[in-house]
Amino acid sequence: MRIAVVQTASSYDKAANRDLVTRLVAEAAQGRPDLVVLPEAMMSDFAVEGESVAGAAESLDGEFVATLRKAAVEHNVAVVAGMFELSCDQHRPYNTLLAVGADGVLLGAYRKIHLYDAFGYKESDQLTAGDVAPVVVQVADHQLGLMTCYDLRFPELSRALVDAGAEVLVVPAAWVRGPLKEHHWTTLLTARAVENTCYVAAAAQNGKKYCGLSQVVDPQGIALASVGESDGHAYAEITAERLADVRKRNPSLQNRRYSVTPR
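Sequence positions in the sequence shown follow full-length UniProt numbering and run 1 to 263.
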């Protein structure tokens, strides 16, 4: 499977963001990937602390999902991207990842479990956490486990996804800049790949607020492709043969003495 990770920054202008998504998928599709991964919060950027994203939230049959589905069909490529989805709490929507197949079918929706209540920010003031359950979807004969940004700091989620069959952890993010934050991002992406002997495909927002550094990491922790800090995209090939070879030489998943069941 060929993966494109796309790096950009969204704004508060939802129409402009839809146009941006359309353009970026078209550009990435020129490299003939099976999957295009866009960042978290592509429908609309996060509100500043003390304000709300509730007014931007949409349902799964809204304009943003329609844009993803149209782009996927037009370019015959699966797409993953982040949005704010209406929840049962009108003031606190979900932070949701959508996975859309190349045929435009909605393959899955993952509602972010771990809200970013850290480093002086409190995401739970604006958003509702999703149910604690792994979401795995299939694209091009590979199983993709969905997780979002701050989820990366919780290895039990990545392990639950791998236990559910994930071969690739797909991590859209808006990883906030700050002292050592870029180091945390790259270290944790590598750690999740190595400890689970799986691929990791991470697409992050960039710009003044977010660190960028989108990349695809292989099961040995090797960065196969990366973007840096600027807008752009990068491609990487992932294979079942590489995954099987690494897991044969490093059977750490088989050697576990206990497992953790999500609460």
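Where a beta carbon is used, it is the ideal one built from N, C-alpha and C, also for glycine.
Ordered list of beta strand (DSSP E) runs contained in the region 152-212, each at least 3 residues: 168-173 and 199-204
Neighbourhood of residue 154 by C-beta distance below 6 Å, restricted to the same chain and skipping five residues each side: Translated into positions along the sequence shown, residue 154 becomes position 154. Closer than 6 Å at Cβ, skipping near neighbours: 114.
Flag this pair as touching only if the region 40-53 and the region 8-17 have three or more C-beta atom pairs under 8 Å; answer yes or no. yes
Cβ-based neighbour list, residue 236, same chain, cut-off 7 Å, excluding 5 preceding and 5 following: In the sequence shown, the residue the question calls residue 236 occupies position 236. 3, 216, 224 and 225.
Top-ranked residue by Cα proximity to residue 48, from 121, 104 and 84: Here residue 48 is taken as the residue at index 48 of the sequence shown, counted from 1. Among 121, 104 and 84, the Cα nearest to that of residue 48 belongs to 121.
Is it the case that the Cβ atoms of residue 187 and residue 172 are separated by a distance below 8 Å? One-based indexing of the sequence shown puts residue 187 at position 187. One-based indexing of the sequence shown puts residue 172 at position 172. Against a cut-off of 8 Å, the Cβ pair of residue 172 and residue 187 comes out as no contact.
Reference residue 98; option with closest CA among 26, 195 and 111: On the sequence shown, residue 98 is found 98 positions in, with the first residue counted as 1. Nearest option by C-alpha distance: 111.
Distance, residue 219 Cα to residue 245 Cα: Against the sequence shown, residue 245 aligns to sequence position 245. Against the sequence shown, residue 219 aligns to sequence position 219. Rounded to whole angstroms, residue 245 to residue 219 spans 10 Å at the Cα level.
Comparing alpha-carbon positions, which option in 163, 101, 87 and 152 lies nearest residue 127? Reading the sequence shown from its first residue, position 127 is the one you call residue 127. Per the Cα distances, 87.
Buried versus exposed call for residue 7 [16 or more other C-beta atoms within 10 Å across all chains shown]: Residue mapping note: residue 7 aligns to position 7 of the sequence shown, counting from 1. Residue 7 is buried by the Cβ-count criterion.
Let's test the definition: count the other Cβ atoms within 10 Å of the Cβ of residue 116 and tell me whether it reaches 16, buried, or not, exposed. Reading the sequence shown from its first residue, position 116 is the one you call residue 116. It is buried - the Cβ of residue 116 has at least 16 other Cβ atoms within 10 Å.
Kindly indicate which three-state DSSP category residue 12 falls into: helix, strand or coil? Counting from one through the sequence shown, the residue named residue 12 turns up at place 12. It is coil, neither helix nor strand.
From 1, 84 and 160, residue whose alpha carbon lies closest to that of residue 123: Position 123 of the sequence shown, counted from the start, is the residue given in the question as residue 123. Here the closest residue by C-alpha is 84.
According to DSSP, simplified to helix, strand and coil, what is residue 145? Taking the sequence shown and counting its residues from 1, the one referred to as residue 145 is at position 145. Strand, per DSSP.
What's the gap between the Cα of residue 181 and the Cα of residue 68? Here residue 181 refers to the residue found at position 181 of the sequence shown. Here residue 68 refers to the residue found at position 68 of the sequence shown. Approximately 30 Å, taken between the alpha carbons.
Could you check what DSSP says for residue 117 in three-state terms: helix, strand or coil? By 1-based counting over the sequence shown, the position of residue 117 is 117. Residue state, collapsed to three classes: strand.
Pull up the CB-CB distance for residue 230 and residue 5, whole angstroms please, since I reckon it's below 8 Å. For this step, residue 230 is matched to residue 230 along the sequence shown. For this step, residue 5 is matched to residue 5 along the sequence shown. Their Cβ separation, rounded to whole angstroms, is 13 Å, which puts residue 230 and residue 5 out of contact at 8 Å.
Can you list, in chain order, the residues of its chain with a C-beta nearer than 6 Å to that of residue 29? Leave out the 5 residues immediately preceding and following it. Mapped onto the sequence shown, residue 29 falls at position 29. Cβ within range, chain order: 75 and 77.
Work out the CA separation of residue 252 and residue 81 for me, nearest whole Å. Start at 1 with the first residue of the sequence shown, and residue 81 comes out as number 81. Start at 1 with the first residue of the sequence shown, and residue 252 comes out as number 252. Roughly 31 Å between the two C-alpha positions.
For residue 201 versus residue 212, is the C-beta spacing smaller than 8 Å? If you number the sequence shown from 1, residue 201 lands on position 201. If you number the sequence shown from 1, residue 212 lands on position 212. Taking 8 Å as the Cβ cut-off, residue 201 and residue 212 do not qualify as a contacting pair.
Closest to residue 89 by CA distance: which of 142, 55, 178 and 233 is it? Here residue 89 refers to the residue found at position 89 when the sequence shown is read from its first residue. Among 142, 55, 178 and 233, the Cα nearest to that of residue 89 is on 55.
Start-to-end residues for the beta strand (DSSP E) that takes in residue 85: Sequence index remark: in the sequence shown, residue 85 carries index 85 (1-based). 78-85 is the span of the beta strand (DSSP E), which, as asked, contains residue 85.
Residue range of the beta strand (DSSP E) that residue 106 falls in? Position 106 of the sequence shown, counted from the first residue, corresponds to residue 106. Where residue 106 is concerned, the enclosing beta strand (DSSP E) stretches over 106-111.
Where residue 214 sits in the DSSP three-state scheme: Here residue 214 refers to the residue found at position 214 of the sequence shown. Looking at residue 214 - three-state DSSP - the assignment turns out to be coil, as it is neither helix nor strand.
Are the beta-carbon atoms belonging to residue 136 and residue 101 less than 8 Å from one another? Working through the sequence shown from its first residue, we reach residue 136 at position 136. Working through the sequence shown from its first residue, we reach residue 101 at position 101. No; because the gap between Cβ atoms is not below 8 Å, this pair is not in contact.
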